[in-house]
Amino acid sequence: MDVPRLQELLDPLRALPGVRACAHLLSPRSHRTEFTDVSGNLLPLLIAISLREDSPLLCVLAADMQRAETLALDLAVLGIPDEQVVILPSMLGELFEDTPPDLHLIGSRIESLWKVLTGQAKVLIATPQSLLEPTLPPDALREATVTVRKGDTVDMEELLRRLVQLGYEREEMVAQRGQFSRRGGILDVFPVHADEPVRMEFFGDEIDRLQPFDPDSQ
Numbered sequence: 118m119d120v121p122r123l124q125e126l127l128d129p130l131r132a133l134p135g136v137r138a139c140a141h142l143l144s145p146r147s148h149r150t151e152f153t154d155v156s157g158n159l160l161p162l163l164i165a166i167s168l169r170e171d172s173p174l175l176c177v178l179a180a181d182m183q184r185a186e187t188l189a190l191d192l193a194v195l196g197i198p199d200e201q202v203v204i205l206p207s208m209l210g211e212l213f214e215d216t217p218p219d220l221h222l223i224g225s226r227i228e229s230l231w232k233v234l235t236g237q238a239k240v241l242i243a244t245p246q247s248l249l250e251p252t253l254p255p256d257a258l259r260e261a262t263v264t265v266r267k268g269d270t271v272d273m274e275e276l277l278r279r280l281v282q283l284g285y286e287r288e289e290m291v292a293q294r295g296q297f298s299r300r301g302g303i304l305d306v307f308p309v310h311a312d313e314p315v316r317m318e319f320f321g322d323e324i325d326r327l328q329p330f331d332p333d334s335q
């Protein structure tokens with residue numbers, strides 16, 4: 118069943134008095150609302166029929182990460198865009214292991230927090246453990262974020278210093294998250310939250326090209 122057709126099937130449900138009441142409680146005009154003991158397939162359905170363009174962030178507490186991932190999949194089936202649903206992973210286990218940090222896990226948590234901060238996320242799915250873990254304050258997260266676009270005028274030396282300040286490591290070639298490499302007017306950066314690195318080609322101080330690339334093709 119395709120998504121548009123599924124959305125049409127949800128429309129009659131939105132007209133039900135009980136559903137309209139729930140949607141009103143989840144509207145931007147209402148105060149904070151808490152739902153408890155929402156069981157089975159009712160939870161993703163309630164979320165799907167209540168979400169609107171101006172909906173406030175919905176924070177859903179799942180018992181564990183497996184249930185969080187299942188809920189995210191259910192919402193995708195109901196037509197909620199992937200970029201509007203984020204899972205907040207827990208990093209508690211990383212603190213007690215004598216191994217290098219899991220950059221994929223760190224990046225996933227940062228990306229989820231950033232999407233919440235910038236309003237891209239409509240649904241935040243967390244576990245009790247991940248929700249209670251300390252994290253960066255919003256202003257600190259903004260300060261620790263570097264955003265560049267094609268056509269921007271950027272001082273490359275200053276950008277390199279900024280990457281080092283943020284904990285990125287300089288390498289001959291980027292191979293994993295948290296690394297960067299410079300070759301003349303070309304700067305490769307592997308963001309901690311990304312699945313692949315990004316190449317910036319400079320013309321003077323202007324970013325002439327900006328695109329992701331396969332690290333195996335360097």
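Going by my numbering, the residue at position 30 of the sequence shown is 147; the numbering climbs one at a time, nothing skipped. For every residue, glycine included, the Cβ atom is placed at its ideal position computed from N, Cα and C. It should be emphasised that the depicted structure is a prediction, and the values quoted were computed from it without experimental measurement.
9 Å Cβ cutoff met for residue i and residue j
i: Glu313; j: Phe330; result: yes
i: Pro255; j: Leu234; result: yes
i: Ile76; j: Thr270; result: For residue 76 there is no data in the structure shown, the boundaries of the chain being 118 and 335.
i: Ala261; j: Leu283; result: yes
i: Leu222; j: Leu188; result: no
i: Gly302; j: Phe320; result: yes
i: Ile204; j: Ala165; result: no
i: Leu230; j: Leu253; result: yes
i: Met273; j: Asp322; result: yes
i: Gln183; j: Gln237; result: no
Cut-off 8 Å between Cβ atoms - residues of its own chain near residue i, not counting five sequence neighbours on either side
i: Val291; result: Phe297, Ser298, Asp305, Val306, Phe307, Pro314, Pro332 and Gln335
i: Leu276; result: Val263, Val265 and Leu304
i: Asp181; result: Thr244
i: Leu190; result: none
i: Lys267; result: Ile324, Asp325, Arg326 and Leu327
i: Val286; result: Rather than Val, the amino acid found at residue 286 in this sequence is Glu. Closer than 8 Å at the Cβ level, and outside the excluded window around Glu286, lie Gly295, Gln296 and Phe297.
i: Asn158; result: Asp191
Environment of residue i [buried if 16+ CB atoms lie within 10 Å]
i: Pro251; result: exposed
i: Ala257; result: exposed
i: Lys239; result: buried
i: Lys232; result: buried
i: Val194; result: exposed
i: Val61; result: Any question about residue 61 goes unanswered here, given that the chain covers just 118 to 335.
i: Leu192; result: buried
Contact set for residue i: own chain, Cβ-Cβ below 6 Å, skip 5 residues either direction
i: Arg294; result: Leu220, Gly224, Phe307 and Val309
i: Ala311; result: none
i: Cys176; result: Leu241
i: Leu168; result: Lys239
Strand pairing of residue i, partner residues [DSSP]
i: Leu241; result: Cys176 and Val203
i: Asp305; result: Ser298 and Arg316
DSSP three-state assignment for residue i, whether helix, strand or coil
i: Leu327; result: strand
i: Gln246; result: helix
i: Met273; result: helix
i: Glu289; result: coil
i: Met388; result: Only positions 118 to 335 of the chain appear in this structure, which leaves residue 388 out of reach.
i: Thr187; result: helix
i: Ala311; result: coil
i: Ile345; result: No answer is possible for residue 345: the residues shown for the chain start at 118 and end at 335.
i: Ile197; result: coil
i: Arg259; result: helix
i: Met118; result: Residue placement at Met118 cannot be trusted, given a pLDDT of 45 that sits under 50; the coordinates are not used to answer.
i: Asp333; result: helix
i: Lys232; result: helix
i: Arg169; result: coil
i: Arg266; result: coil
i: Gly284; result: coil
i: Gly321; result: coil
i: Leu253; result: coil
Residue i CB to nearest heavy atom of the ligand ATP below 8 Å
i: Asp171; result: Absent from the structure shown: the ligand ATP. Ligands present: none.
CB contact below 9 Å: residue i versus chain B
i: Pro332; result: The chain labelled as chain B is not found in the depicted structure, where only one protein chain is given.
Residues near residue i by beta carbon distance below 7 Å, same chain, minus five either side
i: Arg279; result: Val263
i: Glu318; result: Gly302, Ile303, Asp325 and Arg326
i: Glu288; result: Gln296 and Ser298
i: Leu209; result: Gln246 and Glu250
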